[in-house]
Structures are given as structure tokens and as C-alpha cells.
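Quick note: the sequence shown uses our numbering, first residue -2, plus one each step. For glycine and all other residues, C-beta sits at the position ideal for the given N, C-alpha and C.
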Amino acid sequence: MSPLTIIVAATKTNGIGLNARLPWRLPKEMKYFAQVTANAPEGQQNAVIMGRNTWESIPKKFRPLPNRQNIVISRNESYDLGIYNNTSTLLKNDLSSAVAAMSDSKAIHRAFVIGGASLYTDTLALPLSGTASVDRALITRIIAPDFEECDVFMPNFLQEKEESVWTRTSHQALQEWVGFEVPEGIQEENGVNYEFQMWVRQK
Ligand code: FOL
């Protein structure tokens, strides 16, 4: 049973994107994303699983995301990942195939679902009893401003679901899980306020 972790930066109304990219520029927040997703024991790597739109939203100079097993999900089996890409990036046609590819490999430490909206939805729909399911979410909550112009939203999973209950952990639990110190409380960057949070799902 391989647990998946969602990682996302989202507004209070779950806005995550605008015009096919992130609605904000938060270099320290992005560093946190990179550090969390890349941090793995010697001899292992984490996987970052993303939808095709998210892949295309990452600046070419940063993709594939370094020091991570990148897995791109597209129903188009001949989707061109690009010549700039090395052979290490995997193309899979759905989340289950991505999960299957990882369970074959002992070299994968953790698996992060990094978006976007439709892949988050697919991830949250995986049954808790299945071979892989999501048990944790690292959410950077964008508190202000509202970014009302967002045109992509993650599902509102922390509130509405009855089948599963999500609870927020302590800041210490977040730091212990990611394996490094994380600033606590409301952060400010470029006039944006946000907070690093970890949520876990009860079994
Ligand atoms: N989760 C969080 N917390 N913040 C995000 O910005 C975020 N973004 C995505 C998914 N989950 C997230 C998807 N979008 C890069 C760009 C866009 C993107 C994800 C990653 C990217 O270029 N990452 C580089 C960082 C380079 C830098 O340091 O600026 C990487 O190496 O991870």
C-alpha cells in the first residue's frame, strides 16, 4: 500500500491557477515546494506526479524537476515531453499506471501529487482500501489577497467529504515529516500572506 501526498498552494477559496500558471510569484514558497519534494534518503528519490497541463506550466529550464522522478499523466500516449527532456521522465495514461510504475521501483521514497485540479480530483477519488491512496496534504494556504481572478480550483476536500475526515497536524509534525525546519505562522512575500500547513486523512 503506497501512500500519496498532495502538495498544493491554494487560496481560501481553493484557487490554484490563473491563465495556465500560478497566480502569484512566491520564491520562498517555491523553494519550500522544491525542498519538500526533492528531500529523500541517500540512494532514493521521490516521485512527482503531475497532469499534462501542470507539466507544461513549469518553466522549461526547471523541467523535468531535478532530483525527482517526474511522472506526467496524459491520455495521449504519444504526447511529446520535448527534446530538452532526458529519458528519465515517465509518461503514463492515468494515475493507477503511475502508481503501478512506482511500486515496481524500490528507489522511490515518497510520491507527491503536484497537480493540477483534475489530477487532485483523481487522487482524492482513489479508494482508501486500494493499492494506493492519499493520506496527507501539504497545503500552503494563501490567506491574502484573495486572488479572486483564479480560473482553476482544487476540490474542496478538507471540508465537504463524509467518507473521510481530514485534520490539520501541529507545526512540529509538519517539520518532522518533511525533515527540515519550516517557518511557522503567517508568512509574507511580495505582499502575499500565506501559511505552511499539513493535513492528514483518518483511515
Ligand atoms: N505546491 C506548493 N506548495 N507551491 C507551489 O507553487 C506548487 N506548484 C505546483 C504544485 N504544487 C505546489 C505546480 N507548479 C515549479 C513551477 C510550477 C509548479 C511547480 C514547480 C518549479 O519550477 N519548481 C522548481 C523550483 C525552481 C525555483 O527554485 O524557483 C523545482 O525545482 O521544484
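Given a threshold of 16 other Cβ atoms within 10 Å of its Cβ, counted over all protein chains shown, does residue i qualify as buried or as exposed?
i, result
"Ser130", "buried"
"Pro61", "buried"
"Gln66", "buried"
"Asn43", "buried"
"Glu26", "buried"
"Pro63", "exposed"
"Phe59", "exposed"
"Gly79", "exposed"
Alpha carbon to alpha carbon, what distance is there between residue j and residue i?
i, j, result
"Ile183", "Gly48", "30 Å"
"Pro24", "Gly12", "18 Å"
"Ile46", "Gly188", "30 Å"
"Arg138", "Ala31", "17 Å"
"Thr51", "Pro152", "16 Å"
"Thr10", "Tyr117", "15 Å"
"Ser100", "Leu125", "17 Å"
"Ser93", "Ala7", "25 Å"
"Asp91", "Glu145", "31 Å"
"Arg165", "Asn36", "22 Å"
"Lys28", "Ser75", "32 Å"
"Asp119", "Lys57", "26 Å"
"Arg133", "Val179", "17 Å"
Run through DSSP, which three-state label would residue i get?
i, result
"Asp132", "strand"
"Leu88", "strand"
"Ala104", "coil"
"Leu126", "Reading off the sequence shown, one finds Ser at residue 126, where the question assumed Leu. Three-state result, Ser126: coil."
"Val96", "helix"
Please confirm whether residue i and residue j have their CB atoms less than 7 Å apart.
i, j, result
"Gln194", "Val162", "no"
"Val69", "Ala114", "no"
"Ala104", "Gln41", "yes"
"Leu135", "Ile4", "yes"
"Leu15", "Cys147", "yes"
"Asn73", "Ala141", "no"
"Val33", "Val197", "no"
"Glu181", "His168", "yes"
"Ala122", "Leu1", "no"
"Ala98", "Leu88", "no"
For the alpha helix (DSSP H) containing residue i, list its first residue and its last residue.
i, result
"Arg49", "49 to 54"
"Phe30", "24 to 35"
"Leu62", "Element bounds for Leu62: n/a, residue is neither H nor E."
"Leu116", "114 to 122"
"Val175", "168 to 175"
So that I know if they touch, is there some Cβ in chain B lying closer than 7 Å to that of residue i?
i, result
"Val5", "Checking the listed chains, one finds no chain B in this structure; it contains a single protein chain."
In the DSSP assignment, find the beta strand (DSSP E) that holds residue i and state where it starts and stops.
i, result
"Tyr191", "189 to 198"
"Val224", "Residue 224 lies beyond the residue range present for the chain, which begins at -2 and ends at 200; the question has no answer from this structure."
"Gly14", "12 to 14"
"Arg1", "For clarity, residue 1 is Leu in the given sequence; the question names Arg instead. Looking at the DSSP string, the run of the beta strand (DSSP E) that includes Leu1 is -1 to 8."
"Gln184", "184 to 186"
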